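Mapping of the sequence shown onto mature numbering (1 follows the signal peptide of the UniProt record, and there is no 0): residues -27 to -1, 1 to 302, in sequence order. Cβ atoms here follow ideal geometry from the backbone N, Cα and C, with glycine treated the same way. Keep in mind it's a predicted model, so treat the numbers as computed, not measured. Notes for the one structure printed next.
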Amino acid sequence: MNVRRLIPTTALAGAVALGLVTLSACGGTSASGKEDGKLDVVASFYPMQFLAERIGGDHVSVTTLTKPGVEPHDLELKPKQIGELGEADYILYLKGIQPAVDDAIKQAGVKNTVDAGTLTELEKHGTATDGHAHEGEGHGQDEHGGEHDAHAGEEAGADPHIWLDPVKYTEVAKGVGASLEKADPDNAAAYRKNTDELVKKLDALHGKFERGLRNTRTKTFITTHSAFGYLAERYGLDQEGISGVDPESEPSPARIKELQDTAKKDDVTTVFFETLASDKTAKTLARDTGLGTDVLDPLEGITDRSRGADYIEVMEANLAALQKALGAK
Ligand SMILES: [Zn+2]
């Protein structure tokens, strides 16, 4: 520092003391040092945004990379968005669901970067990379058999749709709360309180799912993209995905035949589709099989067409749809 050579030591000491005073006053309001005193949080897509907003409350300003109504899996970021990433105080994302976002976040090198997948345990649900999440059944004869083997050793095989299981989402919420406390210790008490409140709501939601799906005529549901593997496992249901975790992939004729057989055997009433992706295949399958259709929302984004204003409301709508389709008693 060349200042040292230009001014007397006493003056330097004074300046340093002044600097410290200013610094601690700043630190008292925010860890970010930004004008509004809020922690700048970037969330990758809606389920991360919901956690950041609920837990961060008044102390955070949340930007979401995936705009409402955009199907998140294949999202490409604009150069401006990539540039802004590096200025964030805290990034919350879920690795494995949006490859382009994963790369940009890695490049951004922000210290407080949290991968929600590390806050709970990820599982593989059958063929999470390419195919249909039907676990534990012998589908060796289907034409995707070779592809399954090709993907077998890949880490990417873990199913990223953890937020659709309220129990796993609760674990993630707790982890997010703890990491926000660490990133912004001055507001730790508020983050803790907000986390506790959210966890109570998620516990209540889990209770509703448990009670609501305990007694049903059938346990099998057909859905467009295999987002509900964790939910199915939690509540003892059987998810039959038309396409894989990528909602845009087309099912093979063999898979369609298989689904038609399953529908008959398991007394399935409904083919579920979702709001953000194409419903063409679901509707064709339903028509050919004489089944009804309904919405089961993977909550990858909230729009005007969503059956609720937030995660909790849409999950309650999902529960109602499942109960109806499965013949809950
Ligand atoms: Zn998905």
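{"Item": "Under 7 Å from any heavy atom of ligand 1, does the C-beta of residue 271 make it?", "Value": "yes"}
{"Item": "Where does residue 275 fall in DSSP's three states?", "Value": "coil"}
{"Item": "If you draw a straight line from the C-alpha of residue 150 to the C-alpha of residue 168, how long is it?", "Value": "6 Å"}
{"Item": "Is residue 31 buried or exposed, if buried means 16 or more other CB atoms sit within 10 Å of its CB?", "Value": "exposed"}
{"Item": "If you count every other CB in all the chains shown that lies within 10 Å of the CB of residue 288, and 16 or more means buried, which is it?", "Value": "buried"}
{"Item": "Could you tell me which residues DSSP puts in a beta bridge with residue 194?", "Value": "212"}
{"Item": "Among the residues of its own chain, which have a CB less than 7 Å from the CB of residue 69, if the five just before and after it don't count?", "Value": "90, 129, 131, 133"}
{"Item": "Under 7 Å from any heavy atom of ligand 1, does the C-beta of residue 198 make it?", "Value": "yes"}
{"Item": "Taking the alpha-carbon of residue 284 as reference, which of 33, 178, 198, 233 has the nearest alpha-carbon?", "Value": "178"}
{"Item": "Thinking C-beta only, is residue 161 closer than 8 Å to residue 154?", "Value": "yes"}
{"Item": "From residue 186 to residue 296, what does the alpha carbon distance come to, in whole angstroms?", "Value": "6 Å"}
{"Item": "Give the secondary structure of residue 74 by DSSP, where H, G and I count as helix, E and B as strand, and everything else as coil.", "Value": "helix"}
{"Item": "According to DSSP, what are the bridge partners of residue 63?", "Value": "14"}
{"Item": "Taking the CB atoms as reference points, tell me whether residue 225 and residue 214 lie closer together than 8 Å.", "Value": "no"}
{"Item": "Which one or two residues does DSSP pair with residue 96 in a beta bridge?", "Value": "132"}
{"Item": "For residue 291, does the count of other Cβ atoms within 10 angstroms reach 16, so buried, or fall short, so exposed?", "Value": "buried"}
{"Item": "Could you tell me the distance, in whole angstroms, from the CA atom of residue 266 to the CA atom of residue 76?", "Value": "37 Å"}
{"Item": "Does ligand 1 have a heavy atom nearer than 7 Å to the CB of residue 46?", "Value": "yes"}
{"Item": "CA-CA distance, residue 234 and residue 263?", "Value": "12 Å"}
{"Item": "Which term fits residue 271, buried or exposed, when burial requires 16 or more other beta carbons within 10 angstroms of its beta carbon?", "Value": "buried"}
{"Item": "Within the chosen definition, does the region 243 to 252 reach the region 272 to 282 through at least 3 CB pairs nearer than 8 Å?", "Value": "yes"}
{"Item": "Straight-line CA distance for residue 11 to residue 170?", "Value": "21 Å"}
{"Item": "By Cβ distance, which residues of its chain are closer than 8 Å to residue 305, with the 5 residues on each side in sequence left out?", "Value": "Because the chain is modelled from -27 through 302, residue 305 falls outside the range shown and cannot be assessed."}
{"Item": "Mark residue 257 as exposed unless 16 or more other C-beta atoms lie within 10 angstroms of its C-beta, in which case mark it buried.", "Value": "exposed"}
{"Item": "What number of angstroms, rounded off, separates the C-alpha of residue 173 from the C-alpha of residue 230?", "Value": "43 Å"}
{"Item": "Could you pull the start and end residues of the alpha helix (DSSP H) that residue 265 belongs to?", "Value": "Segment 265 to 268 is the beta strand (DSSP E) holding residue 265; no alpha helix (DSSP H) there."}
{"Item": "Helix, strand or coil, according to DSSP, for residue 257 in the structure here?", "Value": "helix"}
{"Item": "Can you give me the start and stop residues for the alpha helix (DSSP H) that residue 225 sits inside?", "Value": "That residue, residue 225, is in no alpha helix (DSSP H); it is neither H nor E in DSSP."}
{"Item": "Measuring only the C-alpha atoms, how far is residue 175 from residue 142?", "Value": "8 Å"}
{"Item": "For chain D, find out if any of its Cβ atoms is closer than 8 Å to the Cβ of residue 255; answer yes or no.", "Value": "In the structure shown, chain D does not exist; there is a single protein chain."}
{"Item": "Please confirm whether any heavy atom of ligand 1 lies closer than 7 Å to the CB of residue 134.", "Value": "yes"}
{"Item": "Here's the rule: buried if 16 or more other CB atoms are within 10 angstroms of the residue's CB, otherwise exposed. What is residue 157?", "Value": "buried"}
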